[in-house]
Every structure is written in structure tokens, then in C-alpha cells.
Amino acid sequence: IDVELLRDIKENRRERINCYAEEATGVTFHTDGSIWDLEADVALPCATQNELNGDHARTLADNGVRFVSEGANMPSTPEAIEVFRERGIHFAPGKAANAGGVATSALEMQQNASRDSWSFEYTDQRLHKIMSKIFRTMSRTAEEYGREGDYVTGANIAGFKKTADAMLAQGVI
10 IDVELLRDIK ENRRERINCY AEEATGVTFH TDGSIWDLEA DVALPCATQN ELNGDHARTL
70 ADNGVRFVSE GANMPSTPEA IEVFRERGIH FAPGKAANAG GVATSALEMQ QNASRDSWSF
130 EYTDQRLHKI MSKIFRTMSR TAEEYGREGD YVTGANIAGF KKTADAMLAQ GVI
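Each number in this note's numbering comes from the position in the sequence shown (counting from 1) with 9 added on.
Next comes the structure, spelled out in C-alpha cells:
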């Protein structure tokens with residue numbers, strides 16, 4: 010992906026994404042069918058809840074997708090997630106993969122509370138540390154519970170443990 014060209018088309022010229030396919034080499038733009046019908050290595054469902062269903066997941070698997078990472082709140086149905094598990098497709102659930110937006114908001118609040126001004130690079134570096142820690146925690150937790158590579162289980166258990174520990178520390182339970 011030519012990020013600079015894409016940025017110019019979207020941010021400066023305010024044109025539609027099909028312009029990218031007209032200007033970049035080796036790119037095609039499709040107006041018909043479903044995006045989930047295309048051959049790809051990576052799928053990134055990022056629009057709405059339950060946009061990617063079991064049939065889509067089977068098609069993606071048949072078309073060679075190896076990695077799926079959610080960029081929205083629950084865009085994959087439970088059936089789709091099960092297909093990814095059965096087919097050995099690496100799947101990063103939105104509660105972990107989509108945490109960057111929430112983390113960046115927290116960083117912005119921190120910056121504002123301290124009446125400071127951070128550079129993009131500094132903010133990005135802090136976000137990278139946060140997201141790396143989320144991945145390591147999710148991955149290690151899945152492995153610890155005998156589900157190596159099952160990031161859904163890792164994220165669920167790690168999230169539950171963090172919540173339970175906080176409740177115990179606060180005397181809620």
C-alpha cells in the first residue's frame with residue numbers, strides 16, 4: 010500500500026477510494042459482490058457489529074485468508090469466529106485488537122490533565138507499548154490455559170482476571 014498516495018487522495022484531494030486503484034500499480038477496485046468474497050491474506054472487519062458471518066468466514070478461509078483482526082466492536086458473529094478456529098486462521102478479537110482507540114483517548118486525557126503537549130511520535134510510542142502489552146497478555150494467557158494461539162480465549166480470561174483482581178482490590182467482593 011502506498012500510504013502517501015492514499016493519504017493524499019483521502020485527506021488532501023478528498024476523493025473516493027477508487028481513485029487509489031486508478032493511480033496505484035497492482036491494485037483493483039471492485040464495485041460488485043462482497044469484500045469477503047475476495048482472495049486475501051488478511052481480513053480486517055472494521056464497520057459494524059455482525060458484518061462478517063459464518064458464510065463469509067468459510068469463503069475467506071477457502072480463499073486463503075490466514076489472519077483476521079477486528080477493528081470494530083464485535084464485527085464477526087460467533088459462527089464466523091468458530092469457523093476461524095476450526096480452519097486454523099489467526100483471529101484477533103476486537104476487545105484486544107480494537108483497543109487502540111480507547112487507549113489513545115486515555116492518553117489524550119492524561120495529556121490534557123497535565124496540561125502538556127505530546128508529539129505524535131511520543132504518543133505513538135506509548136500506544137505501541139500498550140498494544141504490545143495487550144497482545145503479550147492475551148497470548149500468554151491463552152497458552153497458560155492450554156489454548157495457545159486462541160486469542161479470543163486469551164483475551165476473555167485475561168479481561169476477566171483483570172476485572173476480578175480490581176474488584177477484590179477495591180473490596181467489592
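Where a beta carbon is used, it is the ideal one built from N, C-alpha and C, also for glycine.
DSSP bridge partner residues for residue i (one or two, in chain order)
i: histidine 99; result: Phe76
i: leucine 177; result: BP columns for leucine 177 are empty, so no partner.
i: leucine 61; result: Ser85
Identity of the residue in the options nearest residue i by Cα
i: glutamate 117; options: Ala105, Asp133 and Ala106; result: Asp133
i: alanine 167; options: Glu153, Ile44, Leu177 and Gln119; result: Glu153
i: tyrosine 29; options: Leu15, Ile44 and Asn21; result: Leu15
i: asparagine 72; options: Arg96, Thr40 and Met83; result: Arg96
i: asparagine 59; options: Asp46, Leu177, Gly103 and Glu31; result: Gly103
i: lysine 170; options: Thr146, Ser85, Glu157 and Arg22; result: Thr146
Under 8 Å between C-beta atoms of residue i and residue j
i: alanine 52; j: leucine 69; result: yes
i: leucine 136; j: alanine 106; result: no
i: valine 77; j: aspartate 50; result: no
i: alanine 108; j: isoleucine 143; result: yes
Neighbour-count burial assignment, residue i, 16 or more Cβ in a 10 Å radius
i: aspartate 159; result: buried
i: threonine 57; result: exposed
i: glycine 163; result: buried
i: phenylalanine 100; result: buried
i: threonine 150; result: buried
i: glutamate 79; result: buried
message = For the pair the segment 63-71 and the segment 92-103, tell me if three or more CB-CB distances fall below 8 Å.
response = yes
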